[in-house]
Structures are given as C-alpha cells and as structure tokens.
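Taken in order, these protein sequences are the chains called A and B. According to the numbering used here, the stretch in the first sequence is residues 2 to 425, in order. According to the numbering used here, the stretch in the second sequence is residues 2 to 425, in order.
There are 2 protein chains.
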Amino acid sequence: MNIIDIITKKKNSLELSQEELEFAINGFVDGVVKDYQMSSLLMAITINGMSDEETINLTNIMLNSGEIIDLSMINNVVVDKHSTGGVGDKTTLVLAPLVASCGVAIAKMSGRGLGHTGGTIDKLEAIKNFQVNIDNDAFIKQVNEINLAVVSQKGNLVPADKLVYALRDVTGTTSSIPLIASSIMSKKLASGADKIVLDVKVGNGALLDNIEDAKKLATLMVKIGKQNNKETICVLTNMDEPLGRAIGNGLEVIESIKFLKGEAPEDLYTLTTSLAAIMVSIGKNQDIKTSLREVVENLENGKAYQKFLDMVKYQGGDINEIAVSSKVHSIRSSKTGFINKIDSLKIGNLVKQLGGGRVNKDDVIDLGVGFVLNKKVGDYVVENEELIKVYYGKGDITVNDILNCFEIDVVAVDKPPLIYEIIR
Amino acid sequence: MNIIDIITKKKNSLELSQEELEFAINGFVDGVVKDYQMSSLLMAITINGMSDEETINLTNIMLNSGEIIDLSMINNVVVDKHSTGGVGDKTTLVLAPLVASCGVAIAKMSGRGLGHTGGTIDKLEAIKNFQVNIDNDAFIKQVNEINLAVVSQKGNLVPADKLVYALRDVTGTTSSIPLIASSIMSKKLASGADKIVLDVKVGNGALLDNIEDAKKLATLMVKIGKQNNKETICVLTNMDEPLGRAIGNGLEVIESIKFLKGEAPEDLYTLTTSLAAIMVSIGKNQDIKTSLREVVENLENGKAYQKFLDMVKYQGGDINEIAVSSKVHSIRSSKTGFINKIDSLKIGNLVKQLGGGRVNKDDVIDLGVGFVLNKKVGDYVVENEELIKVYYGKGDITVNDILNCFEIDVVAVDKPPLIYEIIR
Numbered sequence: 002m003n004i005i006d007i008i009t010k011k012k013n014s015l016e017l018s019q020e021e022l023e024f025a026i027n028g029f030v031d032g033v034v035k036d037y038q039m040s041s042l043l044m045a046i047t048i049n050g051m052s053d054e055e056t057i058n059l060t061n062i063m064l065n066s067g068e069i070i071d072l073s074m075i076n077n078v079v080v081d082k083h084s085t086g087g088v089g090d091k092t093t094l095v096l097a098p099l100v101a102s103c104g105v106a107i108a109k110m111s112g113r114g115l116g117h118t119g120g121t122i123d124k125l126e127a128i129k130n131f132q133v134n135i136d137n138d139a140f141i142k143q144v145n146e147i148n149l150a151v152v153s154q155k156g157n158l159v160p161a162d163k164l165v166y167a168l169r170d171v172t173g174t175t176s177s178i179p180l181i182a183s184s185i186m187s188k189k190l191a192s193g194a195d196k197i198v199l200d201v202k203v204g205n206g207a208l209l210d211n212i213e214d215a216k217k218l219a220t221l222m223v224k225i226g227k228q229n230n231k232e233t234i235c236v237l238t239n240m241d242e243p244l245g246r247a248i249g250n251g252l253e254v255i256e257s258i259k260f261l262k263g264e265a266p267e268d269l270y271t272l273t274t275s276l277a278a279i280m281v282s283i284g285k286n287q288d289i290k291t292s293l294r295e296v297v298e299n300l301e302n303g304k305a306y307q308k309f310l311d312m313v314k315y316q317g318g319d320i321n322e323i324a325v326s327s328k329v330h331s332i333r334s335s336k337t338g339f340i341n342k343i344d345s346l347k348i349g350n351l352v353k354q355l356g357g358g359r360v361n362k363d364d365v366i367d368l369g370v371g372f373v374l375n376k377k378v379g380d381y382v383v384e385n386e387e388l389i390k391v392y393y394g395k396g397d398i399t400v401n402d403i404l405n406c407f408e409i410d411v412v413a414v415d416k417p418p419l420i421y422e423i424i425r
Numbered sequence: 002m003n004i005i006d007i008i009t010k011k012k013n014s015l016e017l018s019q020e021e022l023e024f025a026i027n028g029f030v031d032g033v034v035k036d037y038q039m040s041s042l043l044m045a046i047t048i049n050g051m052s053d054e055e056t057i058n059l060t061n062i063m064l065n066s067g068e069i070i071d072l073s074m075i076n077n078v079v080v081d082k083h084s085t086g087g088v089g090d091k092t093t094l095v096l097a098p099l100v101a102s103c104g105v106a107i108a109k110m111s112g113r114g115l116g117h118t119g120g121t122i123d124k125l126e127a128i129k130n131f132q133v134n135i136d137n138d139a140f141i142k143q144v145n146e147i148n149l150a151v152v153s154q155k156g157n158l159v160p161a162d163k164l165v166y167a168l169r170d171v172t173g174t175t176s177s178i179p180l181i182a183s184s185i186m187s188k189k190l191a192s193g194a195d196k197i198v199l200d201v202k203v204g205n206g207a208l209l210d211n212i213e214d215a216k217k218l219a220t221l222m223v224k225i226g227k228q229n230n231k232e233t234i235c236v237l238t239n240m241d242e243p244l245g246r247a248i249g250n251g252l253e254v255i256e257s258i259k260f261l262k263g264e265a266p267e268d269l270y271t272l273t274t275s276l277a278a279i280m281v282s283i284g285k286n287q288d289i290k291t292s293l294r295e296v297v298e299n300l301e302n303g304k305a306y307q308k309f310l311d312m313v314k315y316q317g318g319d320i321n322e323i324a325v326s327s328k329v330h331s332i333r334s335s336k337t338g339f340i341n342k343i344d345s346l347k348i349g350n351l352v353k354q355l356g357g358g359r360v361n362k363d364d365v366i367d368l369g370v371g372f373v374l375n376k377k378v379g380d381y382v383v384e385n386e387e388l389i390k391v392y393y394g395k396g397d398i399t400v401n402d403i404l405n406c407f408e409i410d411v412v413a414v415d416k417p418p419l420i421y422e423i424i425r
C-alpha cells in the first residue's frame, strides 16, 4: 500500500477501504505520510466526497488515535451536548445546570474559543477563581454528587483530529461535510458520554451557511453515533443573528444567570428549553412533553439556578465577581426602520478585535469586553435610539464597524424560524 | 490576497486570475506558500481543471521564474522537437541529424531518463567520450557550422516547474492536462527555439493512456505556443509497444546508426520521417511533400548519417566504441501464436531493473544493458522461437518477468495506427 495510490483513488472518486484510510491517517500521525500528501488527499475528499461507510471508518480511526474517556463510574446516564459554534452561544451555561437539575448527568468537557466564536471554558473563567482544570477523580465525584461538572478538555483525545484539523485550516479544506462529521463525532465519542445532542448551527457566522448542507451533516453524524451505539440527536438551528443579547465572555455569563433567575431573551429561551427537553427525554427515557414540563418547572422554581450555584461552588468560583468592563459606550442608530439583519460573523470578529477572542491559540483574552444588543432582528428602531452597548478595553474598533453589522430598512423581512428541524 | 482564498476558489471550480496564479506560484518558489498548500491547490486543479486562459497564464508565470535561453545568434530557423516520453524512443538520435541535413537548425537541449523511460543525454553518453556539457559559445558556434548540437540542459530554466513537478510526483497530481501542458510548454519556451514539434505519446507506457486526453493536451499546447508566437505542432503517436526493436541506451544508439545507414524498423521509420518532414516544412516554410522528399533523399544518400558523424566528432565522441553488454541471453517463446501486445511500461521497468534506468535522480546507470525485440506486435511466433534478446549486467530479472511482457494468442488483434493525428 502506498499513499500516492490512495490519493489517486480518491482523486478518481473511488471509495477508500478501512485499511487505506488507516494507512493515510496513522501514517500522517507517525510522520510517514507527509503534510503535503495529506493536504492533497484532504482536497480530493473535500471535492469528491466520501461515502457514509468511509466517513464512519474515518471517525473510528481518528477516535482510536488517542485516549477515550471512561465515564462508567458515573451513576446516572451521561448526556453530552455540543454546538458547532455560534456567536453569543452561551447555551451550555444555562442548559447544563438545567438538565442536571432534572436528574440527568452532565460531565462535560469544553473548549476555548478560537476565531469569531467563543468557548464555554473562557466564559466560565469570567467567574473569578472558577477552576476549569480538575483531576479525574474529583470530576467523577462532583458529577456523582451534584450531577454536573463542566471542565476543560483533558487527556490526549483524538490527536489525529488535532493534526488533520490544523492542516485543513490552512489548506482550504474546512468545508467538507464528511471531514466535519468525522472531526466532531470522533471528539464526542472520545469524551465518553452515553448519549449525544448536537446543535448544528446554520447561517451567517456558522460553520455551514445553508440548510441542505447542515441536514446532510446532521444525518451523517446521527448515523455515526448509532454505529457506535450512542444515541445521537441533531437540532438544526438558525445562526443568522447572535443568540440572545450578550456577546463576550463575562457578559454572556451575566445573561445566563439572569436567564436562570427568570429573565431570558426569547430566542435563547426557545433554544435552551428545546435542547434541554431532548436531553432530559433521552437521558431518562421519557417522552418529550413530560421532559419539557420538568425543564420549565425547574427554571421557574429556581432548581436550575441552584444547580448552577452548586457547580460554581464545587469548582471554586466566586459568583459575585464576574469580569465585565466598566468602560461602556452606547451606539445609536443612524436610521429609522426595521432591523433586518445582525451579522453574526462580523459581530464575532469585532469581539475578537476588542480583545475578547483569540487570533492565535495561545493569546490571552480580555474576558470583560463585548456587546449587549438592545435590538434584535425584527425589532423597530428610530434614529438615535440605542442599538447596542459596547463594553470595551484596549482593542480598537470604530462606530462604523459596529453600525455595519446592522441592516435596517423601512420594510421588515420575515424572520426565519430559530429551530429548523430535529434529526434523530 | 491570501493562498487559502485562492485554494478555496479553485476548490469551488472558479477561474483564477493571473495575479492569483502569480501569488501562488511565486509564493511557492519564495517559500511563503507552503508545500502542503501548493499540493492542496494542485489537487483542486487536477480535479476541477483550468480554463485555457488560466493554463496560458500559468505557463508564462513558470516560464518567467528562471532563465530563457537566447538562440538569436543562430543564423538558421531553430526547430525543437520534444517527446512526452516513450519506451525505446530513440527518435531524436535519428531525427536531429536528418532534419539538420535538410538545412534546419537543431540546437537541442535534452534530459536524462528517470523512471521507465530513457533520456537522449544518457543514450548519447553510450558513445565513448561524447561530451554533453559544452559552453554556450561553443554550442552556438557548432550549430552555426553544422546545423546540429544536442547537449544537456543548461542554465536555471523554469525553477518553478522543477519545484511544482517534484511535488506533483508525490501527491497524486501528475495526471492533470493543464498542469502537464504548462510544465512541458514552459520548458520548451524557455529553451529558445523558434518553432516546436511535440510528439505526444498515447497508450500503455506513455504519460496519457487515451486518445481523448492526448488530443486535449495537444490542442492546449498548440494554443499556448501560438500565444507565445512560436508555431507549435503536435503529433499524436501510439505507444502501446516499444518503438523500434532496441530498448536500452547503447542498444538504441546502435539501432539509430543502422537506421541512418539504411536499415530501419518500420514503426521507427514511419514516425521519424513524418516528424522530420513536419520539422523541415515549418523550418523552411515549404510544403510537406517537398519536405518529405528531401528527408527520404538525405536518408538514402547518406547525408543524414554524415551529419550524425559530424555531431559525434564535434562533441568528441568515438563512434567505434558504443556501450553494449557482451552478456546476451536469448528468450524464447513458450507459445505459438500472434503477438498481440508488448507491454512498454513493463519493458521500460525491466530495463531499469537491469540497471539501465534510474530510480533516483543521482543513480549511475549501466549504459550497456537492455533488450532487442525479435518480434513486434502483429508478428507470428512459434513455440521455442526467439522473442527477445536480453543484454544483461548486474541487475536481476527472471525469464518470466520478460515473458509476462508479451501477450500471445491464436487470434491476431488489429494493430492500431502509429500516428493518430497531427494537431496544429
């Protein structure tokens, strides 16, 4: 077997066998297959695609390239949730305690943000002293005691994916659905949960910008999960505007706490309760209606918020000190009309420019900066009315940079639904 | 401009502008564009293709990456001939003196063999003391005096192609027609001839194995030549069996000398006189019939052979000492029937195994080894009759290796024409 024949096969749109995929991926990890050969193969895959069987094989080869977390010591059923990455997406901060309060175990490992989307771990670190690195025994113990822990990724999970992903990022091969599916699913399978709920974002600022591709990705991931005996459900959700009103690490924590105390933006409420109901339903093997009722109850009776406080306490955080910049500037509309679009991608990049996101993996970020939207898509704004608040630090952006994120017109557009489809 | 956007454009089947191709190629030569990025782009080009305009631009960018040979000091019109590489292809050895004897200047730079095909420079070096490296002044002087010189490639011609070609070779991207066209034509244009005749081989053992692809390649190269004001003619020829009877450096020189003295295998005669007539015709701006008459005359009256002797003398060679192994073994047929196929690729690789070809660029080769075919495709052979003679050295091959190159059956197949088409 040699890598040039394998590349040539895929160039000619033929299917690769498990052995050929193993040769390519393991060879790349070992350094026998060179990066210039892997990138050629990745481009051939990106253009010519892969069959479901190839994608399932690729996922398992990646999965087996590193450690697989063992969560068998956790008493309850563990359900994991993953989002393909959105702007202002603080869902995990609310969802995790909410689901845990309903009796489903959340033993979650999250990542840091890179590029225009934030990461849950950065957000949690906006809570003073919150510990994201805790050892495995303490992690298991915490989940068994309070059903909930959210920590930083630990262990050498899926090293093959790390290498392949870094190469895809610089070779124009990020948009391939089979490559995205195998990357996400190998990481989720390595994280050890019993069941998986995936929030697949669609639209401007998301990984995929059209519903057809997102559907294909979702269907493929559900299939990979089933093949590995892990029930997997995908929820396709709109990402044409930032989720909720806050964008930026500390600001999103504050919005999440308000939510848990009863004050939630409509879109964030809809998404979080829907995802929570699905997670509770599969975690407890009960119907979705009963599950949704429990979810709403636990939001209203304060149990979800209490669970959040328990987690902060267990992980050493001080709930009274959350990083938020004191330098605030109000940006006012230069027009009167309906807000027809708020560009998530641009907003995400502006947070990065403010210092709240990373350009490089090792950048230290400013947890206190960001935006709070006063208006959402569909709202009416009059000239000189506040559109958005900027919480700034050292980073430099202009008023026009911000105004350019908004499209305002005298005629309102139809707002797309927040949840497009559930694929199971 | 950035390379990821350029790769992504080609991934999406869009046309690249001249500036984008310059950014990619010059960036690669300068090391700014990494090899793993270039290979990803090359795969996208291989799968999605390039427009003629893109290919013309790419050729010129490659051409301008290095020196361009100046042959303006040569009095006669200089016509160059290039073959895309065949097995047993000693055409240049006969063609160059033949055309020169008709009054057209041949100032040819040739290469060494790599892989399963031989190179003209290696063949000439089978003549004892033949000098392939001569300085530029002596080269021009020789051509002005005798109309003929064949030397080793000199100067830093098309460094971009050298780098790109080396990468294509190890990344499964050799089969792209636009990439082949720009590679061949950038080198030919850099060699400085006024007019170009290209022998595009088709079949087993050739770069392309089907006539449609070869036609596309030929049409594209003719167009690139015209765009650069160099008349270019392509002759599509069959390469399903080795050309002539001898395969191996010294053996091919001997066959060429016999040819020039009047004893030629039919296929080699047809090909060489056809190519020669085209070259004389465009070199002297006269009709093809008159040109063919001159070519045949100069073969018969000995002027072509005298021209060969002149070149050998000018370049210091001893015509009486040609490297040929004295260890000869006759291989006899195990069957009776018609020869339906002689596998060029296998034969070429066996010469390499005998020590007559290179695996790596710096290998020292045995100029005396090779094969002489006693039978060609279409011939009838009886069991135990001689099929082929092996001139061997240190390399090890088996009788079966050789017999496996022949397909013999009781029913004869139709022999394809040697010359498929002339594209101008």
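Note that the Cβ used here is the ideal one computed from N, Cα and C, for glycine as well.
TODO: With Ser-18(B) as the anchor, note down where its alpha helix (DSSP H) starts and where it stops.
DONE: Premise fails: Ser-18(B) is in no alpha helix (DSSP H) and is neither H nor E.
Task: Euclidean distance between Cα positions of Leu-125(A) and Leu-199(A) - done: 21 Å
- [ ] Would you kindly work out how many angstroms separate the C-alpha atoms of Lys-83(A) and Leu-351(B), rounded to a whole number?
- [x] A quick correction: the sequence has His, not Lys, at residue 83(A). Roughly 57 Å separates the two Cα atoms.
Task: Segment limits, beta strand (DSSP E) that includes Lys-342(A) - done: 338-343
TODO: For the stretch 161-174 of chain B, enumerate the residues whose C-beta is nearer than 8 Å to any C-beta of chain A, in chain order.
DONE: Leu-168, Val-171, Thr-172, Gly-173 and Thr-174
Task: Opposing strand residues paired with Glu-253(A) [DSSP bridges] - done: Answer is none; Glu-253(A) lacks a bridge partner.
Open item on the list: Let's see if you can read the secondary structure: which residues bound the alpha helix (DSSP H) around Glu-295(A)?
Closed with: 289-301
Open item on the list: Do Ala-305(A) and Ser-102(A) count as a contact pair if the criterion is CB distance below 8 Å?
Closed with: yes
Open item on the list: For the pair the stretch 226-241 of chain B and the stretch 195-214 of chain B, tell me if three or more CB-CB distances fall below 8 Å.
Closed with: yes
Open item on the list: Given a cut-off of 8 Å on the beta-carbon distance, is the pair Gly-251(A) and Ala-127(A) in contact?
Closed with: yes
Task: Asp-36(B) at chain A interface by Cβ criterion, 8 Å - done: yes
Open item on the list: Distance check for Asn-145(B) and Gln-139(B), CA to CA, integer angstroms please.
Closed with: The sequence as given places Ala at residue 139(B); Gln does not occur at that position. Their backbone Cα atoms lie some 10 Å apart in a straight line.
- [ ] With 8 Å as the threshold, decide whether the Cβ of Ser-41(A) is near any Cβ in chain B.
- [x] yes
Task: Minimum C-alpha distance to Lys-10(A) - residue among Glu-23(A), Ile-46(A), Lys-35(A) and Tyr-37(A) - done: Ile-46(A)
Task: Interface positions of the stretch 6-19 of chain B facing chain C (Cβ-Cβ less than 7 Å), listed along the chain - done: No chain C is part of this structure, whose protein chains are labelled A and B.
Task: Residues near Thr-427(A) in its chain [Cβ-Cβ closer than 8 Å; skip 5 each side] - done: Only positions 2 to 425 of chain A appear in this structure, which leaves residue 427(A) out of reach.
TODO: Decide if Asn-299(B) is buried, meaning its Cβ has at least 16 other Cβ atoms within 10 Å, or exposed.
DONE: buried
Task: Rounded C-alpha distance that separates Met-51(B) from Lys-416(A) - done: 41 Å
- [ ] List the residues of chain B that Ala-45(A) touches, going by C-beta distances under 7 Å, in chain order.
- [x] Met-44 and Ile-48
Task: Neighbourhood of Ile-423(A) by C-beta distance below 6 Å, restricted to the same chain and skipping five residues each side - done: Val-236
- [ ] Provide the residue(s) that pair with His-83(B) in DSSP beta bridges, ordered along the chain.
- [x] Leu-199(B)
Open item on the list: Given this structure, state the Cα-to-Cα distance separating Ser-334(A) from Cys-406(A), to the nearest angstrom.
Closed with: 11 Å
Task: 4-residue-minimum alpha helix (DSSP H) runs that sit fully inside the stretch 97-127 of chain B, ordered along the chain - done: 121-126
TODO: Label Gln-287(A) either buried or exposed according to how many other C-beta atoms from any shown protein chain fall within 10 Å of its C-beta, with 16 as the threshold for buried.
DONE: exposed
Open item on the list: Taking 7 Å as the limit between beta carbons, can you name the residues of its chain near Ala-215(A), skipping five residues before and five after?
Closed with: Val-201, Val-203, Leu-209 and Leu-237
Task: At least 3 beta-carbon pairs within less than 8 Å: the stretch 145-165 of chain B vs the stretch 392-402 of chain B - done: no
- [ ] Count the other CB atoms, across all protein chains shown, that sit within 10 Å of the CB of Ala-191(B); report buried if there are 16 or more and exposed otherwise.
- [x] buried
- [ ] Tell me whether the beta-carbon of Met-63(A) lies closer than 8 Å to the beta-carbon of Val-159(A).
- [x] yes
Task: Inter-residue Cα distance where the pair is Asn-77(A) and Ile-234(A) - done: 19 Å
Task: Reduced DSSP secondary structure (H/G/I, E/B, other) of Ile-423(B) - done: strand
- [ ] Kindly indicate which residue of Val-313(B), Ile-389(B), Leu-15(B) and Asp-319(B) has the alpha-carbon position closest to the one of Ile-340(B).
- [x] Ile-389(B)
Open item on the list: Looking only at its chain, what residues have a beta carbon closer than 8 Å to the beta carbon of Asp-410(B), apart from the 5 residues adjacent to it on each side?
Closed with: Gly-338, Phe-339 and Asn-341
Open item on the list: Determine whether the beta carbon atoms of Ile-366(A) and Asp-170(A) lie at a separation below 8 Å.
Closed with: no
Task: Spatial neighbours of Ala-413(B) in its chain, beta-carbon cut-off 6 Å, leaving aside the 5 residues before and after - done: Phe-339
Open item on the list: Counting C-beta neighbours from all protein chains within 10 Å, is the total for Tyr-392(A) 16 or more, i.e. buried, or is it exposed?
Closed with: buried
Task: Exposure of His-330(A), with buried meaning 16 or more beta-carbon neighbours within 10 Å - done: exposed
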